[in-house]
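Heads up: the sequence shown begins at 2 in my numbering, then just goes up one per residue. C-beta atoms are modelled at their ideal positions from N, C-alpha and C, and glycine is treated no differently. Predicted model, so just to flag it, every value in this text is computed and none were measured.
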Amino acid sequence: MDRLTDKLSTINLFDSESNNIEIIRLERITTKLYLLVFTICIYSITIYILFSDITIDQSFSNPSQNDYNNLFISYSKSLDCPCSKISITYKDFIEINTTFHQMCSSDFYYYERRDIRARGNAYFVFLSNLCEISQLTINNAIEQFINETFINTELISESEFNIQIENIILQFQNGTLTKFSRSLKLLRDIINGNAFSNNNENGCSCGTQSDCIDSGGIYYDKTNLQVFVMPGWNIGCSVVETVLQSTFECLYNQTCIDLLLYYITTVPNKQYSYGMIISAINSSIVTRFETNTLIQTIADELFIEEWKINSSYSLFYSQCAAIYCSYETQKDDYAIYIISKILGLYGGLTVSLRFIIPLITKIIFNIIKRCRNDRIILNE
2 MDRLTDKLST
12 INLFDSESNN
22 IEIIRLERIT
32 TKLYLLVFTI
42 CIYSITIYIL
52 FSDITIDQSF
62 SNPSQNDYNN
72 LFISYSKSLD
82 CPCSKISITY
92 KDFIEINTTF
102 HQMCSSDFYY
112 YERRDIRARG
122 NAYFVFLSNL
132 CEISQLTINN
142 AIEQFINETF
152 INTELISESE
162 FNIQIENIIL
172 QFQNGTLTKF
182 SRSLKLLRDI
192 INGNAFSNNN
202 ENGCSCGTQS
212 DCIDSGGIYY
222 DKTNLQVFVM
232 PGWNIGCSVV
242 ETVLQSTFEC
252 LYNQTCIDLL
262 LYYITTVPNK
272 QYSYGMIISA
282 INSSIVTRFE
292 TNTLIQTIAD
302 ELFIEEWKIN
312 SSYSLFYSQC
322 AAIYCSYETQ
332 KDDYAIYIIS
342 KILGLYGGLT
352 VSLRFIIPLI
362 TKIIFNIIKR
372 CRNDRIILNE
């Protein structure tokens, strides 16, 4: 043990074969400093390599959809597949269709412009126009939407694609409905703002309230006696308000429609001849709107019963046309990699320290020697 200690204390890696005791002492100190710094560097590098992720970059050319799915399962965190086409129109992978409320394809929609007592014509004409405008609005909105572009720089997974498209479609739907609802409200405000003031039988004044309503039906002209009440039909301050504040209750009931036509043709002095049969709206067809739902509510939904959205990830994938996919994998020969890395750094580290350490040691010794000489001169 003593021999080993003596050997370490006298080791000299920078032996210049000089007999000068001062030079030999300096070389031994340089050796000890060199070994200390070298050991610290090797230890630090080893610790860094051990705790670093040892990965290697891989690439896969012209991946198919199945190839991409397999790569995504294994390397989702590092997988990167740039699209060769980053701007894709929605119509290339999305199809949108809508099913409208039965009213927009019933006999009432195609009702010929013949008078059903006073303003009956105007009511059904406005209702028919409202259906047409709704269909035109949604068709134009869909056409505009599908011609917009989906910007995506790299390929995304099917789950991420579905989430993004679902959010985009939801924004499109809400935006379209909101715009139409605002336009309809503006129309109502303009009509109500320019309408003459009149009072309903219930004392409500259209001059101060635009939502005044009376129950609709058929009345005798002179006595104002109501002979037929049309369920769900509410007379408002204007044709627009009458339609929007009413429901389709009677129009779902064939008996109600037959009674309406009967009273139209039998009220004194109001004889009408109808050569057409008006059929009730089919109540057996499933609808998301109750029969007593206000027409305004249905109109705000653009008379849409169902949105039919078909988005294809496969079509999006083919449009993206990723030329390659890159990803990172862990090295299998981990121990060999660490050893080779340390050995590779050993050579460069040895050369650098053999040049730097002696230089630093000489500078420090020269400074110390000069300080000693200055003290001696001062003492003298």
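Considering only residues of the same chain and omitting the five flanking positions on each side of residue i, which have a CB-CB separation below 7 Å?
i, result
"Y124", "V240, T243 and V244"
"D16", "E28"
"S107", "I282"
"D68", "F61"
"S315", "Q66"
"G346", "A small correction: the amino acid at residue 346 is Leu; Gly does not occupy that position in the sequence shown. Same-chain partners within the cutoff: I46."
"N148", "T90 and K92"
Do you know offhand how far residue i's Cα is from residue j's?
i, j, result
"Q136", "S327", "47 Å"
"Y112", "I278", "With a pLDDT of 48 at Y112, under the threshold of 50, the predicted position of this residue should be treated as unreliable, though the coordinate-derived value follows. Those two C-alpha atoms are separated by around 10 Å."
"F366", "T351", "22 Å"
"S160", "Y263", "59 Å"
"Q272", "L128", "Low confidence applies to Q272: its pLDDT is 49, below 50, so where it sits in the model is not reliable enough to give any reading."
"L14", "I24", "13 Å"
"I170", "T294", "26 Å"
"A142", "G176", "10 Å"
"Q210", "N98", "39 Å"
"L344", "T47", "11 Å"
"L51", "Y91", "48 Å"
"D259", "F229", "12 Å"
"E18", "C372", "28 Å"
"E133", "E250", "21 Å"
"V268", "K180", "Residue placement at V268 is poorly supported in this model, since its pLDDT is 49, which falls under 50; the coordinates still yield a value, given next. Near 43 Å, if we compare the C-alpha coordinates of K180 and V268."
"Q246", "G237", "7 Å"
"N20", "T11", "14 Å"
"H102", "L185", "18 Å"
"N193", "Q297", "16 Å"
"I166", "I310", "10 Å"
"N168", "N70", "23 Å"
"S353", "S158", "49 Å"
"S284", "C213", "30 Å"
"R355", "I340", "22 Å"
"I265", "C105", "24 Å"
Give every residue of the same chain whose Cβ lies closer than 8 Å to the Cβ of residue i, excluding the five residues on either side of it in the sequence, and list them in chain order.
i, result
"K370", "none"
"T362", "L27, I30, T31 and L34"
"Q255", "S280 and A281"
"P64", "L72, C82, A323, Y325 and C326"
"T288", "H102, Q103 and E306"
"I368", "none"
"V360", "Per the sequence shown, residue 360 should be read as Leu rather than Val. Nothing listed; no residue qualifies."
Rank the options by C-alpha distance to the C-alpha of residue i and give the top, closest one.
i, options, result
"Y49", "K342, Y76 and S88", "K342"
"P232", "Y220, C238 and T248", "T248"
"W308", "D212, N140, F181 and S284", "N140"
"I57", "I219, I41 and L80", "L80"
"I358", "I12, V38 and D16", "V38"
"T154", "Y220, E167 and I87", "I87"
"F73", "F304, L178, I265 and L156", "L156"
"Q227", "N148, L261 and D212", "L261"
"Q331", "K78, M104 and S45", "K78"
"D93", "I191, Y44, E144 and I265", "E144"
Would residue i and residue j qualify as a contact pair, given that the criterion is a beta-carbon distance under 8 Å?
i, j, result
"F151", "F173", "no"
"I286", "L252", "no"
"I84", "C257", "Checking the sequence, you will find Cys at residue 84 rather than Ile. No, they are not a contact pair."
"G217", "N235", "yes"
"L131", "A300", "yes"
"S312", "I164", "no"
"F162", "F304", "no"
"C42", "A323", "no"
"E291", "L178", "no"
Can you list, in chain order, the residues of its chain whose CB lies under 6 Å from that of residue i, leaving out five sequence neighbours each side?
i, result
"R183", "none"
"S382", "What is shown of the chain runs 2 to 381, which leaves residue 382 out entirely."
"S60", "Y325 and S327"
"T100", "E306 and E307"
"Y76", "Y328"
"I89", "F151 and Q320"
"I364", "none"
"T138", "F181"
Using a Cβ-Cβ cut-off of 8 Å, state whether residue i counts as contacting chain D.
i, result
"S129", "Included in the structure is just one protein chain, with no chain D present."
Task: Minimum length 3: unbroken beta strand (DSSP E) runs contained in the segment 42-90 - done: 56-62 and 88-90
Task: Unbroken stretches of the beta strand (DSSP E), 3 residues or longer, contained in the segment 215-257 - done: 215-220 and 227-236
Open item on the list: If we require 3 or more residues per run, which beta strand (DSSP E) segments fall completely within the segment 140-166?
Closed with: The segment 140-166 contains, as complete beta strand (DSSP E) runs of 3+ residues, the segments 150-152 (chain order).
Task: Every unbroken alpha helix (DSSP H) inside the segment 298-375 [4 residues or more] - done: 314-321
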